[in-house]
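The opening position of the sequence shown corresponds to residue 33 in this note's numbering, with each subsequent residue numbered one higher. Note that beta-carbon positions come from the ideal geometry of N, C-alpha and C, so glycine has one too. One structure is given below, encoded as structure tokens.
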Amino acid sequence: MPAIDHKPHAKGDYFVDYEEKVFEDVKALPGEKALVTFHTVAFEGSIGFVNLLQATRLLRKGYETSVLLYGPGVTLGLQRGFPTLGDEAFPGHMNQNNQLVKFMAEGGKVYACRFALQALYGHGEPSLIEGIRAIAPQDVLDLKLLHLRANAVIIDTWTL
Numbered sequence: 033m034p035a036i037d038h039k040p041h042a043k044g045d046y047f048v049d050y051e052e053k054v055f056e057d058v059k060a061l062p063g064e065k066a067l068v069t070f071h072t073v074a075f076e077g078s079i080g081f082v083n084l085l086q087a088t089r090l091l092r093k094g095y096e097t098s099v100l101l102y103g104p105g106v107t108l109g110l111q112r113g114f115p116t117l118g119d120e121a122f123p124g125h126m127n128q129n130n131q132l133v134k135f136m137a138e139g140g141k142v143y144a145c146r147f148a149l150q151a152l153y154g155h156g157e158p159s160l161i162e163g164i165r166a167i168a169p170q171d172v173l174d175l176k177l178l179h180l181r182a183n184a185v186i187i188d189t190w191t192l
């Protein structure tokens, strides 16, 4: 058996060069838009939270940024908590809710499909986080088409 003759990693060590940035820091040109869509169930993986962070980053880069919650994606916009609404049952439990609230506080817009909200998940508009705008199911496609027409950045978030 070969001997391992190097010291173990210690707290504070670096594994990678986190300071090097390869590409220019792109900022939005005046009037540029972005849309991040979510057809993913809350907590069914990291993609929902990661792309909420991406939406916030797009907003901070100057893009007029909207988030669309449709299908199972509406579950990201529901109020939650335990034992009461707003209570964090375990560290990270409220990450998605908190990120949506932060995104909207910074000027982002969030839309949730009424069909998915009621027909698929049995919730009404009062179940949504304050500030999320419920929209008709026909608006889901039109919102995307309007962003395509505006030549917007579009990130589609799906889980299968």
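Burial check for R89: the Cβ neighbour count within 10 Å stays below 16, so the residue is exposed. In the DSSP annotation of this structure, the continuous segment of the beta strand (DSSP E) that includes H71 starts and ends at K65 to H71.
Assigned with DSSP and collapsed to three states, S78 falls in coil, not helix or strand.
Between the segment 45–56 and the segment 83–97, the count of Cβ pairs shorter than 8 Å is below three; the stretches do not touch. By alpha-carbon distance to P158, the top candidate from Q111, V172 and K141 is Q111.
Among the bridge pairs identified by DSSP, D119 is matched with none. Between L108 and F147, the C-beta gap is not smaller than 8 Å, which leaves the two residues out of contact.
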